[in-house]
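K.L.:
Shown below is the structure under consideration.
Residue numbers (my numbering): 202 to 392.
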């Protein structure tokens, strides 16, 4: 039996994973329901998967952030406690991350093997380049989008699906958090 792989991503309405300018973390739209839901998602036993770029960003943010920063929310702290695999041909261990290992090689091959070997479900937050490749290879079982009610047309960074294949999406779950943030979970199928 293969492990379920979830691509977990935050998005603006116009499909950006982040924004510059004066936007703050979560585009300033986080509330208690969102933060409780994120913690609940990461309280489940699972293996976290990162691409090298996202891993470096998280490691740097956590190292530089004060104790009360958004990046130190309870769900991020919990994510850091989970076993993690970083897919990279440039990073070398040991990593400044508890229970993290580096896997070298082609990401599609690494994740296909990990899906076969892992006794835990797999979840990747961000890691856009990695997850676009995994989507194209048919290795993503769930696309979990947390949609923030903003348009970041001038300041948007990291277009989530730029250059991705075309997919049909079957809606599996949806909920509204804090009366404004949408959580959407889809099963992707190559179109």
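We put the CB at the ideal spot given by N, CA and C, even for glycine.
Do residue 233 and residue 367 have their beta-carbon atoms positioned less than 8 Å apart in this structure?
P.N.:
Stepping through the chain shown from its first residue, residue 367 is reached at position 166. Stepping through the chain shown from its first residue, residue 233 is reached at position 32. Not closer than 8 Å, so no.
K.L.:
If we call anything under 8 Å between Cβ atoms a contact, is residue 218 one with residue 210?
P.N.:
If you number the chain shown from 1, residue 218 lands on position 17. If you number the chain shown from 1, residue 210 lands on position 9. Cβ distance < 8 Å, so residue 218 and residue 210 count as in contact.
K.L.:
Helix, strand or coil: which one does DSSP assign to residue 229?
P.N.:
In the chain shown, counting from the first residue as 1, residue 229 sits at position 28. Residue 229: helix per DSSP, three-state reduction.
K.L.:
Would you tell me roughly how many angstroms separate the C-alpha atoms of residue 283 and residue 253, rounded to the nearest one?
P.N.:
As a position in the chain shown, residue 283 is number 82, starting the count at 1. As a position in the chain shown, residue 253 is number 52, starting the count at 1. Roughly 17 Å between the two C-alpha positions.
K.L.:
How many Å lie between residue 276 and residue 392 at the Cα?
P.N.:
Along the chain shown, read from residue 1 onward, the residue named residue 276 stands at position 75. Along the chain shown, read from residue 1 onward, the residue named residue 392 stands at position 191. Spanning the two alpha carbons is a distance of roughly 34 Å.
K.L.:
Helix, strand or coil, according to DSSP, for residue 388 in the structure here?
P.N.:
As a position in the chain shown, residue 388 is number 187, starting the count at 1. Note: residue 388 maps to strand in three-state DSSP.
K.L.:
I need the boundaries of the alpha helix (DSSP H) containing residue 265, first residue and last residue.
P.N.:
Your numbering for residue 265 matches position 64 in the chain shown. Its alpha helix (DSSP H) spans residues 253-265.
K.L.:
In this structure, what does DSSP give as the bridge partners for residue 285?
P.N.:
What you label residue 285 is simply residue 84 of the chain shown in a count that begins at 1. Partner(s): 249, 301.
K.L.:
Can you tell me which residues form a DSSP beta bridge with residue 376?
P.N.:
For the purposes of this step, residue 376 is identified with residue 175 of the chain shown, where counting begins at 1. DSSP lists 384 as partners of residue 376.
K.L.:
Does the Cβ of residue 291 have 16 or more other Cβ atoms within 10 Å, making it buried, or fewer, making it exposed?
P.N.:
To locate residue 291, count along the chain shown from 1; it is residue 90. Exposed.
K.L.:
If contact is defined by three or more beta carbon pairs under 8 Å, each pair taking one atom from either stretch, is the stretch 324-344 in contact with the stretch 289-304?
P.N.:
Touching, no, given that fewer than three Cβ pairs across the two stretches are closer than 8 Å.
K.L.:
Run through DSSP, which three-state label would residue 344 get?
P.N.:
In the chain shown, counting from the first residue as 1, residue 344 sits at position 143. The answer is strand: DSSP assigns residue 344 an E or B state.
K.L.:
In chain order, what residues of the same chain have a beta carbon less than 6 Å from the beta carbon of residue 338, not counting five sequence neighbours either side?
P.N.:
Translated into the one-based positions of the chain shown, residue 338 becomes position 137. Cβ neighbours of residue 338 beyond the five flanking positions: 309.
K.L.:
According to DSSP, what are the bridge partners of residue 220?
P.N.:
For this step, residue 220 is matched to residue 19 along the chain shown. Bridge partners of residue 220: 357.
K.L.:
Give the DSSP bridge partners of residue 211, in chain order.
P.N.:
One-based indexing of the chain shown puts residue 211 at position 10. Answer by DSSP bridge pairing, in chain order: 347.
K.L.:
How many Å lie between residue 371 and residue 273 at the Cα?
P.N.:
Residue 371 sits at position 170 when you count from the first residue of the chain shown. Residue 273 sits at position 72 when you count from the first residue of the chain shown. Computed Cα separation, rounded: 33 Å.
K.L.:
Determine the contact status of residue 386 and residue 208, defining contact as a CB-CB distance below 8 Å.
P.N.:
Counting from one through the chain shown, the residue named residue 386 turns up at place 185. Counting from one through the chain shown, the residue named residue 208 turns up at place 7. No. Outside cutoff.
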